[in-house]
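Asks: Take the sequence shown: its position 91, counting from 1, is numbered 82 in this note's numbering, and each next residue is one higher. My structure is below; once you've seen it, I'll send some questions.
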Amino acid sequence: MRVLENGYTVKDLSLENITGLAKLHSTSFARSWGAHDFALFLQDRRMKILGAFQTGEHDPLAFLLVRQVEDEAEVISLAVGRRHRRRGIGEGLLDIAIDDLCEQGVKEVHLEVDEQNSAAVELYKNIGFEVVGERRAYYPAGPSKKRANALIMTLDLVEVDA
Ligand SMILES: CC(C)(COP(=O)(O)OP(=O)(O)OC[C@H]1O[C@@H](n2cnc3c(N)ncnc32)[C@H](O)[C@@H]1OP(=O)(O)O)[C@@H](O)C(=O)NCCC(=O)NCCS
-8 MRVLENGYTV
2 KDLSLENITG
12 LAKLHSTSFA
22 RSWGAHDFAL
32 FLQDRRMKIL
42 GAFQTGEHDP
52 LAFLLVRQVE
62 DEAEVISLAV
72 GRRHRRRGIG
82 EGLLDIAIDD
92 LCEQGVKEVH
102 LEVDEQNSAA
112 VELYKNIGFE
122 VVGERRAYYP
132 AGPSKKRANA
142 LIMTLDLVEV
152 DA
């Protein structure tokens, strides 16, 4: 277990957290993943889910899902509960995951993000991710939203280490 500067605790999540993860995901994304989806992720040895907790709470208030394949990794999903945003939790989870990935010899971390998601784009840029490409009309349209482009971002850990 690790502790963020603001006192939230961080630990690796397991099957006992899948209901809490599904609840959290549904409050942050239009197309939500269920407990079954998270159970499948956790059975994949390449995947790791970090969760942030408030003291005494059973369900995570934030999570970060990362997949590592040899010396590359990908941020698959990140969400912070609405009431807990803008307190450094998203950044704190990414910092911990990136430190762990560095230790495991990962050289690059990739992700895709909706170009209109300014909170996430700013967060990733703050951490050092750079835009390396774009996927046009990547995200499905919503009732009041056209298909959105994805930015492809990469963090070079070799440069960060040097
Ligand atoms: C994106 C998200 C994970 C950010 O988590 P968070 O814990 O609120 O972010 P942090 O407090 O760690 O923010 C760190 C930095 O990111 C940037 N940032 C975060 N939220 C922002 C916002 N709403 N607007 C602009 N910049 C923002 C800021 O630079 C911030 O630093 P500052 O607070 O010192 O200015 C959160 O808003 C979220 O869960 N959104 C819904 C799900 C989502 O979009 N996930 C990303 C999918 S790729």
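We put the beta carbon where it would ideally sit given N, CA and C, even for glycine.
Which residue spans inside the segment 78 to 115 form an unbroken alpha helix (DSSP H) run of at least 4?
Replies: Listed in chain order, the complete alpha helix (DSSP H) runs (minimum 4 residues) inside the segment 78 to 115 are 80 to 94.
Asks: Can you look up R159 in the DSSP assignment and give me helix, strand or coil?
Replies: What is shown of the chain runs -8 to 153, which leaves residue 159 out entirely.
Asks: Give me the residue from D91, G124, P131 and K137 with the minimum Cα distance to Q3.
Replies: The sequence shown places Asp at residue 3, not Gln. Cα-wise, what sits closest to D3 is D91.
Asks: What is the rounded straight-line gap between the Cα of S68 and the Cα of V104?
Replies: Whole-angstrom Cα-Cα distance: 10 angstroms.
Asks: Got a sec: does ligand 1 put a non-hydrogen atom nearer than 7 angstroms to the Cβ of S17?
Replies: Incorrect: S17 has no Cβ contact closer than 7 angstroms to ligand 1.
Asks: Run the CB neighbour count on L31, radius 10 Å, all protein chains shown included, and call it buried at 16 or more, exposed below.
Replies: Exposed.
Asks: For I9, I'd like the list of residues in its chain whose CB is within less than 6 angstroms of its CB, leaving aside the five on either flank, ordered along the chain.
Replies: These residues qualify, in order along the chain: A26, F29 and A30.
Asks: Is K140 helix, strand or coil by DSSP?
Replies: The question names Lys, but residue 140 in the sequence shown is Asn. It is a strand residue.
Asks: Counting only beta-carbon separations shorter than 8 angstroms, does A141 have a partner in chain D?
Replies: No chain D is present in this structure, which holds just one protein chain.
Asks: In angstroms with no decimal places, state the Cα-to-Cα distance between E106 and R(-7).
Replies: Cα to Cα, the separation comes out at about 31 angstroms.
Asks: Run through the DSSP bridge pairs and tell me what L41 is partnered with.
Replies: In the DSSP output, where bridge partners are listed per residue, L41 has D3 and L55.
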